[in-house]
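Structure, as structure tokens:
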Amino acid sequence: MKSTLKNLLAKGGPFIGLILVIVLFSLPTETREFFLTYHNFKIIFTQTVIVAIGALGMTMIIVSGGIDLSVGSSIAFTSVVGALLIQRGWSAAPVVGAMMLSSALIGLLNGAAIAGLRMTPFIITLGTLGVARGSAKWMAENQTVNYDASPINQWMTTADPAGYALPPGVWVAIALATLTAVVLKNTVFGRHVFALGSNEATARLCGIPTVRLKIMIYALAGCFFGLAGLFQLSRLRQGDPTVAVGLELDIIAAVIIGGASLSGGVGTILGSMIGALIMAVLRNGSQQMGWPTYFQEIIIGLVIIVAVFLDRLRQGKQA
Amino acid sequence: MIATGAGLRLVDIQKSFGATRALRGVSFQIAPGEIHALIGENGAGKSTLMKVLSGAHSADSGTMELGGRPYVPADPHDARLKGVAMIYQELNLALHLSVQENILLGAESTSLGWIDRRTSRERARSALAQLGHASIALDRRAGEFSIAEQQVIEIARALLIKPQVLIMDEPTSSLTQSDTEKLFATILRLKAQGVSIIYISHFLEECRQLCDRYTVLKDGETVGTGQMKAATLDQIVTLMTGREVKDLYPRSSHARGAVVLDVKAVASEPRLKRASLQVHAGEIFGLAGLIGAGRTDLLRAIFSLDALAAGEVCVVGGGDETATPRRRWRQGLGFLSENRKEEGLMLNQSVADNLTLTKQDSLGRWGWINGRRQREVAQRWVDELRVKCRDAGQLIGDLSGGNQQKIAIARLLEHPARIFLLDEPTRGIDVGSKAQIYQLIGELAAAGKTVIVVSSYLPELLGLCDTVGVMCRGELAAIRPRADWNEAEIMRVATGSA
């Protein structure tokens, strides 16, 4: 009985959580009208995109036993890079490439410092958090970077309330999530990520090039953070060096709520995506209830604690 | 011999962990002001006994008396308060705190929650003075001192609560000769103050030099006790090892082929000083020695898990690129860690992933893993080695130790390796799995593979191996054919009393 409950928590925990918050917000009279409509979910999905794409990279990093605190700064940095390039007349495709590349570079530096200098990811990425944020402000001369127009601006829009089509950002997120899930599950690279996080000593003993692998993981995750930066730019329609402060915490929370373990070796893309949705639904619902933002913050904080507690229950099964 | 009412007395202590009977009835007595050697092979039950004494484990049955009153410690802290202190082999100091803070840790002098500096200082100083080390500066950080001085600091901490019994586990294992002599002087001072000292050591010469009496443990039982002066080293070694070799070890017929691995005077930090050996195709090579003698370090050096400080490892036909564990696997070496949980296996991953971790590249094309093929490979070994598990997708952490070990070995078999480095392959597993692993090692040698086995269990080495090398204090001291060894002889070389 007890073990079936734990099993249920382990397998479907995040999903049950998502259903629960949706049901809770569709009951009150204040939200009943609008909450469960397609258009509202279109908004929720669109609001999830940035955290979700960030969570793809973060899931890889956390499963490998690491952490990256510099995501928010990377997103700001790349959005400034993107805006500056658009100002200079670059077209959309090379801008996207350059943004991913610049963020991958930050990831590469993180990975090289962590693996090469054998320093803790927490400290290194805390350092990069400052470096990337400062560099973004420097490049942007400490103000927002505005540009006239770009097709990029259309990728996150929910402007047309009658339209049923989801904005491209949502589709990109879904496609990337599927791809990442398959890669993590079915490729040598993916299994090595799990091996590294589950037991680095074993990975080393079994001949996995752990240093190279770590650098690859952070660099690849950097590509995802660059894309998150792209959709941040698309949403704001300007490069803002002060955007996404603390966003890494939302992203880490999504991954943890999704069932990943901070000690590594455990985590799924599906879980992280549901985690990201849970947070978006909570925000959306709270807004419609007319709750102040500080109340949303408290609720999301509590959800993280509950999720980690459930994670501990699950770990107890294995001990 | 000893008046009841004084010192520490243990009668018929028993302790089991699951199906393993670690202590099968140990009796033991020590008088005030006595230094008593506790001797036994690895796994004889010394550690368990000390954990029972220091309150870390509680005994299943038997009685303990301290100073004539029943002694039942609830936990290590309670044991300390009742007068039994323990100095572990691994020192437990907070290296960033000062000497004084370390000595007073957990027993600070306070008034109203504030540390009473003057009293604290005096107590710490008097504890050090009692040991003859008043010169150690109380304000310096503990980490600035040598291992020997740190040990003194730790003993001073134990003295703070005026212990009647002080247990020391392998206190000299990381000390130099002159530091050892200083430690002995310290121990003799404590003896003169009436403290009972239980001295655990593998180094029999040291025990003879220092101790008044001895007790020998074997397989969880007291097999001998007496005056140190009246016993010869040979008598003690015979007590430690004298047991029948069971017919667990199948002798396969295997012929020795060409040299496949040539290890030339390797050394590595911190323990391995110098080891040379040559192993041949079809040979089972055993490595004996005490814990900490450098056997695991030697295997790790061979497998490039630790960097070489000196010497050279040549894998015949392996080329001479930079050695890494990855390259070693490619050269046909395979390493089985003695530490399944920390190093050998990924406990929260599946049986199949654990088994195929070294060769996932070859389970599909272009970096993709053919999941069905991976499961088939794993299932084949599960069947072949009769591993008890639901299926190859089950988490390996859910299996028993013996079954986990079979999977860890299957990883080498599947790779496939031709030189097997097996570190304590039968540690902590059931007898059935043991016999199966012995069988498997025999078959490997018969098929022309090479096996190097590290084991602390001498009958196993003597039953299984063609050649046995014995290590002592980081050096490979002697290599001889099995016929030239017996248990007593191995122990003599391993304890440095040859």
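Protein sequences, first through last, are from chains A and B.
Every number in my numbering is 69 more than the matching position in the first sequence, counting from 1.
Every number in my numbering is 6 more than the matching position in the second sequence, counting from 1.
Using N, Cα and C, we set each Cβ at its ideal position, and we do this for glycine too.
Problem - Inter-stretch contact at 8 Å, needing at least 3 Cβ pairs: the segment 362-372 of chain B / the segment 342-350 of chain B - result: no
Practice task
Please state if the CB of residue 223(B) and the CB of residue 464(B) are separated by a distance shorter than 8 Å.
Solution key: no
Practice task
Please confirm whether residue 467(B) and residue 294(B) have their CB atoms less than 8 Å apart.
Solution key: yes
Exercise for the section: Keeping to the same chain, check which residues put their C-beta closer than 6 Å to that of residue 419(B); ignore five residues upstream and five downstream. Expected result: none
Problem - Pair within 8 Å by beta-carbon distance, residue 164(B) and residue 73(B) - result: no
Handout entry: Per-residue burial, residue 328(B) [other beta carbons within 10 Å of its own, 16 or more giving buried]
Key = exposed
Practice task
Could you spell out where the beta strand (DSSP E) holding residue 106(B) opens and where it closes?
Solution key: Taken as a continuous stretch (DSSP letters only), residue 106(B) belongs to no beta strand (DSSP E), being part of the alpha helix (DSSP H) at 105-110.
Exercise for the section: Mind listing the chain B neighbours of residue 278(A)? Cutoff is C-beta to C-beta under 7 Å, in chain order. Expected result: 332
Exercise for the section: Decide if residue 338(A) is buried, meaning its Cβ has at least 16 other Cβ atoms within 10 Å, or exposed. Expected result: By the neighbour-count rule (16 or more Cβ atoms within 10 Å), residue 338(A) is buried.
Exercise for the section: Spatial neighbours of residue 497(B) within its chain, please: CB distance less than 7 Å, with the 5 preceding and 5 following residues excluded, ordered by chain position. Expected result: 243, 246, 247
Handout entry: Cβ of residue 350(A) within 8 Å of any chain B Cβ
Key = no
Practice task
With DSSP as the reference, label residue 205(B) as helix, strand or coil.
Solution key: strand
Practice task
Please report the Cβ distance between residue 16(B) and residue 226(B), rounded to the nearest whole angstrom; I am assuming they are in contact, meaning their Cβ atoms lie under 8 Å.
Solution key: With a Cβ gap of about 13 Å, residue 16(B) and residue 226(B) do not count as contacting.
Handout entry: Cutoff 7 Å; reference residue 274(B); Cβ partners in own chain excluding five residues on either side
Key = 303, 307, 312, 313, 314, 315
Practice task
Name the residue from 442(B), 271(B), 161(B), 398(B) whose alpha carbon lies nearest to the alpha carbon of residue 91(B).
Solution key: 161(B)
Practice task
State the CB to CB distance for the pair residue 178(B) and residue 207(B), rounded to an integer number of angstroms; the pair is presumed to be in contact (CB under 8 Å).
Solution key: 7 Å
Problem - Minimum Cβ-Cβ distance from residue 274(A) to chain B less than 8 Å - result: yes
Exercise for the section: In angstroms with no decimal places, state the Cα-to-Cα distance between residue 413(B) and residue 357(B). Expected result: Roughly 7 Å separates the two Cα atoms.
Handout entry: Own chain residues within Cβ distance below 7 Å of residue 134(B), not counting five before or after
Key = 140, 142, 162
Practice task
Pull up the CB-CB distance for residue 459(B) and residue 428(B), whole angstroms please, since I reckon it's below 8 Å.
Solution key: 5 Å
Handout entry: Runs of alpha helix (DSSP H) lying entirely within the segment 10-94 of chain B, each at least 4 residues, in chain order
Key = 52-59, 82-88
Practice task
Give the C-beta separation of residue 417(A) and residue 177(A) to the nearest angstrom, bearing in mind that I take them to be a contact with Cβ-Cβ under 8 Å.
Solution key: This structure gives no information on residue 417(A), because the portion of chain A shown stretches from 70 to 388.
Handout entry: CB contact check: residue 200(A) to chain B, cutoff 8 Å
Key = no
Handout entry: Inter-stretch contact at 8 Å, needing at least 3 Cβ pairs: the segment 136-155 of chain A / the segment 257-273 of chain A
Key = With a cut-off of 8 Å, the segment 257-273 of chain A and the segment 136-155 of chain A do not count as touching, because too few Cβ pairs lie within range.
Exercise for the section: Give the DSSP-derived three-state secondary structure of residue 247(A) in the structure shown. Expected result: helix
Handout entry: Bridge partner(s) assigned by DSSP for residue 302(B)
Key = DSSP output for residue 302(B) lists no bridge partner at all.
Problem - residue 121(A) - DSSP class collapsed to helix/strand/coil - result: helix
Handout entry: Cβ-Cβ separation, residue 435(B) to residue 399(B) (assumed contact under 8 Å), whole Å
Key = With 8 Å as the limit, residue 399(B) and residue 435(B) do not qualify as a contact, their Cβ atoms being about 23 Å apart.
Exercise for the section: Measure the Cβ-Cβ separation of residue 302(A) and residue 308(A) and say whether it is below 8 Å. Expected result: yes
Exercise for the section: Give me whichever residues DSSP pairs with residue 222(B) in a beta bridge. Expected result: Per the DSSP secondary-structure output, residue 222(B) pairs in a beta bridge with 45(B), 230(B).
Handout entry: N- and C-terminal bounds of the beta strand (DSSP E) containing residue 283(B)
Key = Taken as a continuous stretch (DSSP letters only), the beta strand (DSSP E) holding residue 283(B) covers 278-286.
Handout entry: is_contact[residue 117(A), chain B] using C-beta, thresh 8 Å
Key = no
Exercise for the section: Check whether the segment 186-205 of chain A touches the segment 131-148 of chain A, counting contact only when three or more Cβ pairs, one atom from each stretch, lie closer than 8 Å. Expected result: yes
Handout entry: Contacts around residue 144(B), its chain only, beta-carbon distance under 7 Å, and the 5 residues preceding and following it disregarded
Key = Sequence-distant partners of residue 144(B) (beyond 5 residues in either direction) whose C-beta falls short of 7 Å from its own C-beta, in its chain, are 104, 105, 106, 127, 130, 131.
Exercise for the section: Using 7 Å as the cut-off, classify the Cβ of residue 450(B) as near or not near the heavy atoms of the ligand MG, replying yes or no. Expected result: The ligand MG is not among the ligands present in this structure, which contains no ligands whatsoever.
Handout entry: Contacts that residue 258(A) makes with chain B (C-beta to C-beta distance below 7 Å)
Key = The answer, in chain order, is 373.
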